[in-house]
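Position one of the sequence shown corresponds to residue 15 (my numbering), numbered consecutively onward. Don't be surprised by glycine CBs; every beta carbon is placed ideally from N, CA and C. For reference, the structure is listed below as structure tokens.
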Amino acid sequence: MRLKVLGAYGASDAEHNLTGYLLDDWLAVDAGTLTSKLSFAQQARIQGVFITHPHADHIRDLPHLIHNRFSQQAGTLTVFASKEVMDLLAKNVFNGIVWPDFSEIISPLTNKPALQYRALTPGKRIVFNDVGLTAVNVDHQIPAAGVIVEMGGQTIVFTGDTGPTQEIWKRTNKMQNVVAIVTEASFPNDQQSLADETAHLSPQTFGEELKKITVDAPVYASHRKIPYERDIESQIRNLRDRRARVLLEKNYTL
Ligand SMILES: [Zn+2]
Ligand SMILES: [Zn+2]
15 MRLKVLGAYG ASDAEHNLTG YLLDDWLAVD AGTLTSKLSF AQQARIQGVF ITHPHADHIR
75 DLPHLIHNRF SQQAGTLTVF ASKEVMDLLA KNVFNGIVWP DFSEIISPLT NKPALQYRAL
135 TPGKRIVFND VGLTAVNVDH QIPAAGVIVE MGGQTIVFTG DTGPTQEIWK RTNKMQNVVA
195 IVTEASFPND QQSLADETAH LSPQTFGEEL KKITVDAPVY ASHRKIPYER DIESQIRNLR
255 DRRARVLLEK NYTL
């Protein structure tokens with residue numbers, strides 16, 4: 015599969031982008047960065063977006079993607095999230111105040127709504143366009159779920175934002191042909207207390223999470239906070255585990 019990393023940071027400036035990933039050009043995970051890095055034609059090819067949690071850095075481009083799709087001749091966009099996360103999105107974002115609920119509005123171009131919501135039960139695998147999707151709850155400040163994606167005989171795992179966690183690793187360890195795991199390391203080791211308080215990982219706790227993972231696949235640290243990116247990168251290298259990598263904003267072939 016192809017993984018296009020549109021954003022690999024937990025903050026943004028002219029050279030760093032908020033969390034957003036695209037698999038094989040049609041399935042997105044998180045929407046911090048989608049519209050700002052994709053042409054209208056590329057946006058029209060997205061068929062599904064999985065949202066890990068409602069923090070602004072993971073949904074920034076979602077209202078704009080939906081709005082763009084409303085004005086395009088494209089198929090219905092399916093927005094996936096765990097039930098709890100979907101309820102928070104409906105209540106706090108697509109509430110007719112921050113943004114309209116486009117699932118209720120018929121597009122004049124297609125005579126259908128531009129999007130539909132699909133709330134997932136954590137731990138229950140569903141199939142979408144021949145791709146298996148399993149939402150798995152993680153441990154963040156608010157309801158949050160990562161996703162296990164089975165696509166074309168390969169498995170990739172995204173935790174989204176999380177502190178130390180268990181369930182997603184237990185499930186990952188049972189999966190076949192895991193080609194990559196994308197998790198996070200937001201703060202450097204000298205800010206461990208801030209990482210703990212905000213339910214994020216540092217390189218140190220990223221290293222502890224690695225011990226829970228038994229599959230031999232690269233484990234990428236995403237969501238670095240910009241001022242500390244160099245420190246975090248060198249601390250990830252110092253873990254001396256060949257699976258530990260820093261996620262870069264580039265295209266990966268897995
Ligand atoms: Zn975040
Ligand atoms: Zn978050």
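For residue i, the three-state DSSP class (helix, strand or coil)
{"i": "E211", "result": "helix"}
{"i": "E243", "result": "helix"}
{"i": "L32", "result": "strand"}
{"i": "I162", "result": "strand"}
{"i": "Q56", "result": "helix"}
{"i": "E223", "result": "helix"}
{"i": "N143", "result": "coil"}
{"i": "T179", "result": "coil"}
{"i": "K184", "result": "helix"}
{"i": "Q205", "result": "helix"}
{"i": "I250", "result": "helix"}
{"i": "V71", "result": "In the sequence on display, residue 71 carries Asp and not Val. Here D71 sits in helix by DSSP."}
{"i": "S216", "result": "coil"}
{"i": "Q267", "result": "The residue asked about is misnamed: residue 267 is Thr in this sequence, not Gln. T267: strand per DSSP, three-state reduction."}
{"i": "T228", "result": "coil"}
{"i": "T148", "result": "strand"}
Residue i CB to nearest heavy atom of ligand 1 below 8 Å
{"i": "D71", "result": "yes"}
{"i": "G160", "result": "no"}
{"i": "G24", "result": "yes"}
{"i": "H237", "result": "yes"}
{"i": "T228", "result": "no"}
{"i": "T33", "result": "yes"}
Rounded straight-line distance, which links the Cα of residue j to that of residue i
{"i": "T179", "j": "Q206", "result": "16 Å"}
{"i": "Q155", "j": "D210", "result": "10 Å"}
{"i": "A45", "j": "V171", "result": "16 Å"}
{"i": "V145", "j": "S96", "result": "17 Å"}
{"i": "N125", "j": "H81", "result": "15 Å"}
{"i": "W40", "j": "T212", "result": "32 Å"}
{"i": "T92", "j": "G177", "result": "28 Å"}
{"i": "G137", "j": "E181", "result": "9 Å"}
{"i": "Y23", "j": "H69", "result": "13 Å"}
{"i": "I65", "j": "A133", "result": "10 Å"}
{"i": "T219", "j": "V193", "result": "22 Å"}
{"i": "A235", "j": "L32", "result": "14 Å"}
{"i": "V99", "j": "K105", "result": "10 Å"}
{"i": "S121", "j": "L52", "result": "22 Å"}
{"i": "A199", "j": "I240", "result": "11 Å"}
{"i": "L273", "j": "K18", "result": "The first residue shown for the chain is 15 and the last is 268, placing residue 273 beyond what the model contains."}
{"i": "R83", "j": "Y35", "result": "18 Å"}
{"i": "P217", "j": "S85", "result": "43 Å"}
{"i": "D255", "j": "A128", "result": "44 Å"}
{"i": "S117", "j": "S248", "result": "45 Å"}
Any non-hydrogen atom of ligand 2 closer than 8 Å to residue i Cβ
{"i": "Q155", "result": "yes"}
{"i": "D75", "result": "no"}
{"i": "D175", "result": "yes"}
{"i": "H78", "result": "no"}
{"i": "H67", "result": "yes"}
Bridge-paired residues (DSSP) for residue i
{"i": "G21", "result": "G34"}
{"i": "I170", "result": "V163 and A194"}
{"i": "R132", "result": "F94"}
{"i": "D255", "result": "In DSSP, D255 forms no bridge with anything."}
{"i": "G62", "result": "L41 and T92"}
{"i": "S236", "result": "E198"}
{"i": "D153", "result": "None; D153 has no bridge partner."}
For a minimum of 3 consecutive residues, which ranges assigned as the beta strand (DSSP E) are wholly contained in the stretch 74-127? 91-96
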